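See below for the structure under consideration.
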Amino acid sequence: MKALAAVLEKFSEPLVLKEVDVGDGIPVRVKASGMCGRDLVIWRGGFRNLTPPLILGHEIFGEHEGKPVGVYGMETCGTCKYCREGKENLCENARFFGEARPGGYAELITVNKGSLFPLPDREYEKYAAAVCPLATAIHSAKLVGVKKGDTILVTGAGGGVGIHTIQYLKSLGARVVSQTSPSKRELVSNYSDQVVTERNFSREVKEVDAVIELVGGETINESLRTLKREGTLVLVGNVSGKEISLSRPALTIMREQRIIGSASYTRKEIEEAIKLIHQGVITPVYRRYSLREVNNAISDLSEGRVTGRAILVPN
1 MKALAAVLEK
11 FSEPLVLKEV
21 DVGDGIPVRV
31 KASGMCGRDL
41 VIWRGGFRNL
51 TPPLILGHEI
61 FGEHEGKPVG
71 VYGMETCGTC
81 KYCREGKENL
91 CENARFFGEA
101 RPGGYAELIT
111 VNKGSLFPLP
121 DREYEKYAAA
131 VCPLATAIHS
141 AKLVGVKKGD
151 TILVTGAGGG
161 VGIHTIQYLK
171 SLGARVVSQT
181 SPSKRELVSN
191 YSDQVVTERN
201 FSREVKEVDA
211 VIELVGGETI
221 NESLRTLKRE
231 GTLVLVGNVS
241 GKEISLSRPA
251 LTIMREQRII
261 GSASYTRKEI
271 EEAIKLIHQG
281 VITPVYRRYS
291 LREVNNAISD
301 LSEGRVTGRA
311 ILVPN
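In terms of the UniProt record's numbering, the sequence shown has 85 at position 85, counting the first letter as 1, and numbering is strictly consecutive.
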């Protein structure tokens, strides 16, 4: 089968719209696809194991046989120890859409049966905007063990993951401190108890219980300065793709701070995210682009001009 897709042919260059063979499998007509920060890292060449041509996108929502469905962001084996324990996010044989498999920057994709999950309605755009970010937030909050009354710092709070993470943390009863750019301050403040925009934000923020680190190298050292003794920093993303280094390792050592990674989410966490979105607990925040505007979307994301998630629709 053939379909129109936006193809990454060379790193850091505009995607090329062309007809491609989408391969064999169960067809899904794409209705909306989220644009993740991971996609930008890939586009810039930050994943050394990947070689173009690639069709990006692992946040895929559409229709199969006329029914509304979502696509789990990676194919998992179902047999390794992690899959058997319900930790599919750590599957030893995972194959990500947009990387090992053609992704959702297309009108049509093919998947295996195990990659599909049902949607409760046909509001594809809201799910493309919020399911992946929200499931990521749910997973990272569980790693920390967020409790009502905890103070949590979220970096990159105006981005796609950030704007939905701070909403989720507030729903848990946490006190949320958001780090973002000045241009996104007004919207982010609607979901936050405190917003900081300065580069040296540790001058304002002290003794937080945990940090959800979405930016990575550019903010991690300031984040660690805000973190209390025995506090936990959850490293969710590193948007630049560059090496992370600790400028004051002694601080983390002497405060016995924990730095742990957060690898996407499980299928159960996707189900939880869909339920929260469907019930209106979380408000999806996004900007819509047509597939043909994909390079405009990449430019806007790269320059920080998108608050929330950018999503692609076929037309």
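The beta carbon of each residue, even a glycine, is placed where N, CA and C say it ideally should be.
All values derive from a computational prediction rather than experimental measurement.
Taking the Cα positions, ALA100 is about 43 Å away from ARG203. ASP24 has no beta-bridge partner at all, per DSSP.
Restricting attention to alpha helix (DSSP H) runs no shorter than 4 residues, the stretch 94-164 encloses them at 124-144, ordered along the chain.
Closest in alpha carbon position to THR232, among ARG225, SER240, ASP209 and LEU246, is ASP209.
Judged by DSSP in its simplified three-state form, HIS58 adopts coil rather than helix or strand.
LYS142 is the residue among LYS67, LYS142, ALA6 and ILE282 whose C-alpha sits nearest the C-alpha of ILE260.
For PRO284, same chain residues with a beta-carbon under 6 Å away, outside a window of 5 residues either side, are LYS126, ALA129 and ALA130 in chain order.
Contact annotation: GLY37 and VAL234 have beta-carbon atoms that are not nearer than 8 Å. The distance from the Cβ of GLY73 to that of HIS58 is about 4 Å, consistent with a contact at the 8 Å cut-off. By the C-beta criterion, the stretch 28-48 is judged to be in contact with the stretch 87-104, since at least 3 inter-stretch pairs fall below 8 Å. Buried is the label assigned to VAL306, since at least 16 other Cβ atoms lie within 10 Å of its Cβ. By the neighbour-count criterion, in which 16 or more other beta carbons inside 10 Å mark a residue as buried, ASN89 falls on the buried side. Note on geometry: alpha-carbon atoms of GLU19 and ARG29 lie some 15 Å from one another. Of the candidates GLY237, LEU119, ARG255 and PRO27, the residue whose Cα lies closest to the Cα of ALA137 is GLY237. Taking C-beta atoms as the reference points, LEU15 and ALA6 count as a pair closer than 8 Å. By the Cβ criterion, the stretch 165-178 is in contact with the stretch 145-152, since at least three pairs of Cβ atoms, one from each stretch, lie closer than 8 Å.
DSSP, reduced to helix, strand and coil, places ILE298 within a helical segment of the structure shown. Where ALA250 is concerned, the enclosing alpha helix (DSSP H) starts and stops at 249-254.
In this structure, ASN93 sits away from GLY25, with a CB-CB distance that is not shorter than 8 Å.
By the 16-neighbour rule on beta-carbons within 10 angstroms, LEU246 is exposed. For GLN167, the three-state secondary structure derived from DSSP is helix. Per DSSP, THR232 lies in no alpha helix (DSSP H); the unbroken beta strand (DSSP E) holding it starts and ends at 227-235. Boundaries of the alpha helix (DSSP H) harbouring ILE270: 267-278, taken from the DSSP string. Distance between THR110 and TYR265, taken at the CA atoms: about 22 Å. Residue pairing from DSSP places MET74 in a beta bridge opposite PHE96. No Cβ-Cβ contact shorter than 8 Å links LEU108 with PRO182. Assignment of ILE220 by DSSP, reduced to helix, strand and coil, places it in the helix class. Of the other Cβ atoms in all chains shown, 16 or more fall within 10 Å of the Cβ of GLU222; this residue is therefore buried. In this structure, the straight-line span from the alpha carbon of ILE60 to that of ALA32 is close to 6 Å. Separation of LEU169 and ILE212 (C-alpha to C-alpha, rounded to the nearest whole angstrom) is 10 Å.
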